[in-house]
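Novice: Here it is, the structure in full.
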Amino acid sequence: MRRVCVMLLLIAMAAGCGKKSPTAVKLEPKAFGAAVVEVSGGKQVAATGSPIEQPLVVQVNDAQGAAVAGALVSFRATGGVSVDPAEGLTGSDGQLSVNFVLGGVAGLYQIVATTRDKAGKAIELRSEEIALGYQQNLGRQLNERYCSRCHDAESTAERVSNRDNLKVPPHAFTDGAFLNNMSDTELANIITHGGPAYNKSAEMPPYGGTLQKSEIDALISFIRAVADPPYRTKGLVYAKN
Ligand code: HEC
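As numbered in the numbering used here, residues 1488 to 1728 make up the sequence shown, in order.
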């Protein structure tokens, strides 16, 4: 009798283990869209191996461009990026947010959001984020301290942009179409000696007395890292997947 009881107990336990745990339940879409678009959070810059500051927010729309609630979106990324959540259903506003931690190598990372239409056809959105290596990240900090008030048109809570007050508007450091054509030496000279050294506006101050050469090099490596379109000879590009 006792042995039978033990047997029954073992069978019951085995059956229990076979059940799926609640977290492994597969998400089923409640609705289907025709497009997935980026709402915000693309092209962010963060140090390698660190989380991006703002979540990436995507939205699923129907063929008329109206938001679709309950659509299933899954995310994938290469290069050791961890994505959270890996999939989810869009909210009542048709949107879904995802957080991720960038990989350990400096370069451009691509995050792919996929949803499926009614027929099961995959619809993809590719967003990019930039991971900065040590030197590039040092350049980012120097930029925030010395340069962004004039070179960045956007005001933030911590910094009011001075860009609109300048007679000659400087280029944003993301402006690869312009800055990729300048050599490292040209950039270093303008930063060291100021605008007039290159027949440019005197509103671009000289930093040769303020910054060390290594700091100017860090600023240049930052400018190269955030260039859009990308600068040719920058580090690894995780754009293919
Ligand atoms: C007070 C405002 C101001 C600050 C601060 C400033 N710049 Fe500039 N910068 C300018 C202006 C104005 C120009 C445009 C000059 C022109 O085109 O005649 C410029 C031009 C440049 C250029 C040449 C490309 C371009 O946009 O025309 C580079 C490179 C540059 N700045 C780098 C820097 C760096 C790096 C820092 C921080 C260390 C910095 N700037 C800080 C105003 C500023």
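Where is the CB? At the ideal position from N, CA and C, for every residue including glycine.
All figures in this text were calculated on a predicted structure; none of them were measured in a lab.
#1: What did DSSP end up calling Ala-1556 once you bin it into helix, strand or coil?
#2: What residue ranges within the segment 1593-1626 form continuous beta strand (DSSP E) runs of no fewer than 3 residues, ordered along the chain?
#3: Of all the options Gly-1552, Ala-1558, Gly-1578, Val-1585, which has the alpha carbon lying nearest to the alpha carbon of Val-1568?
#4: So what does Glu-1533 bridge to, in DSSP terms?
#5: Throw me the rounded Cβ distance for the Ile-1610 and Val-1523 pair, which I believe falls under 8 Å.
#6: Going along the chain, which residues of its own chain have a beta-carbon closer than 6 Å to the beta-carbon of Val-1536, five neighbours each way excluded?
#7: Using a threshold of 8 Å, is the CB atom of Gly-1682 nearer than that to any non-hydrogen atom of the ligand HEC?
#8: Roughly how many whole angstroms lie between the Cα atoms of Asp-1580 and Gln-1546?
#9: Given 8 Å as the limit, tell me if Ser-1688 has its C-beta closer than that to any heavy atom belonging to the ligand GTP.
#10: With a 10 Å radius around its C-beta and 16 neighbouring C-beta atoms as the bar for buried, classify His-1638 as buried or exposed.
#11: Taking 9 Å as the threshold (C-beta atoms), are Leu-1595 and Phe-1709 in contact?
#12: What is the residue span of the alpha helix (DSSP H) that Ala-1664 lies within?
Specialist: Put simply:
#1: coil
#2: 1594-1603, 1609-1619
#3: Val-1585
#4: The identity of residue 1533 in the sequence shown is Ala, whereas the question assumes Glu. The partner list for Ala-1533 (beta bridge, DSSP) reads Ala-1618.
#5: 6 Å
#6: Reading the sequence as shown, one finds Gly at residue 1536 and not Val. Gly-1591.
#7: yes
#8: 8 Å
#9: Only the ligand HEC can be found as ligands here, which leaves the ligand GTP out of the picture.
#10: buried
#11: no
#12: 1663-1666
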